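Note that full-length UniProt numbering gives residue 155 to position 151 of the sequence shown, counting from 1, and the numbers run on in steps of one. Worksheet: the structure to be examined is printed underneath.
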Amino acid sequence: GNKNINAKLVLLGDVGAGKSSLVLRFVKGQFVEFQESTIGAAFFSQTLAVKDATVKFEIWDTAGQERYHSLAPMYYRGAAAAIIVYDITNQASFDRAKKWVQELHAQGNPNMVVALAGNKADLVDARKVEAEEAQIYAQDNGIFFMETSAKAATNVNDIFYEIAKRLPRV
Ligand code: GTP
Ligand code: MG
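Here it is in structure tokens:
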């Protein structure tokens, strides 16, 4: 039969990488040019049907500002999945994403499904991080990678769908 899965998912990443925008696109199908910087964290939920299961994502959209870093473990502890987001036009945000990957490997749930999202893929002319570099990094670190655009709605449902497929079916 079809299984119902509840999955806690956390978004992590640098300020302005587009975490809230990805969630807003996934949950409400919307995009805003002037999305406000998140304070603390925000909670959303959204259900997604995959072949053999219906997954209810309980989503924690964390704040990228450094002063909120100490709160992050509250959100990733016990999470079944994480999306680490960087901005393809910002090298520093990719460096920050790698730090999150290390932190999750050191402190997170070892069975966590981790996705790396290279967001703002619509801004190709301003690209600073090559997709190939991120793909190799992801492969070396046992996580999966997709470039996304919250603005153009590219690969947004897809990244959640890929996570849903990879969640353990207990
Ligand atoms: P914090 O909450 O401060 O950690 O930032 P965040 O990661 O939640 O980023 P947010 O979603 O607030 O997006 C920051 C800015 O980038 C906003 O002005 C968005 O409109 C813009 N933005 C987000 N995603 C995209 C995208 O895919 N393409 C483009 N062109 N702009 C985007
Ligand atoms: Mg935000």
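Glycine included, C-beta positions come from ideal geometry on N, C-alpha and C. Quick caveat: nothing in here was measured; it's all calculated off a predicted structure.
Check                                                                                                                                               : Outcome
Would R170 and V117 be called neighbours here (beta carbons separated by less than 7 Å)?                                                            : yes
Are the beta-carbon atoms of I150 and I163 separated by less than 7 Å?                                                                              : Checking the sequence, you will find Met at residue 150 rather than Ile. Cβ distance < 7 Å, so M150 and I163 count as in contact.
Rounding to the nearest angstrom, what Cα-Cα distance links E37 and L16 in this structure?                                                          : 20 Å
Can you give me the C-alpha to C-alpha distance between L26 and N6, rounded to a whole angstrom?                                                    : 27 Å
Looking at ligand 2, does it come within less than 6 Å of K32, judged from the CB to the closest heavy atom?                                        : no
Run the proximity test for D126: is its beta-carbon closer than 6 Å to any non-hydrogen atom belonging to ligand 1?                                 : yes
At which residues does the alpha helix (DSSP H) containing M78 begin and terminate?                                                                 : A76 to Y80
Three or more C-beta pairs under 8 Å: does that hold for the segment 108-124 against the segment 139-149?                                           : yes
Verify whether the separation of the beta carbon atoms of F98 and V133 is less than 7 Å.                                                            : yes
Just checking T42 against ligand 1 - is the residue's beta carbon closer than 6 Å to any of the ligand's heavy atoms?                               : yes
When you compare only the Cα positions, how much space is there between K124 and R173?                                                              : 32 Å
Grab me the residues of N10's own chain with a C-beta within less than 6 Å of its C-beta, minus the 5 sequence neighbours each way, in chain order. : K60
In the DSSP assignment, find the alpha helix (DSSP H) that holds D99 and state where it starts and stops.                                           : Q95 to Q111
Cβ of E37 within 6 Å of any heavy atom in ligand 1?                                                                                                 : yes
Any heavy atom of ligand 1 closer than 6 Å to the Cβ of S24?                                                                                        : yes
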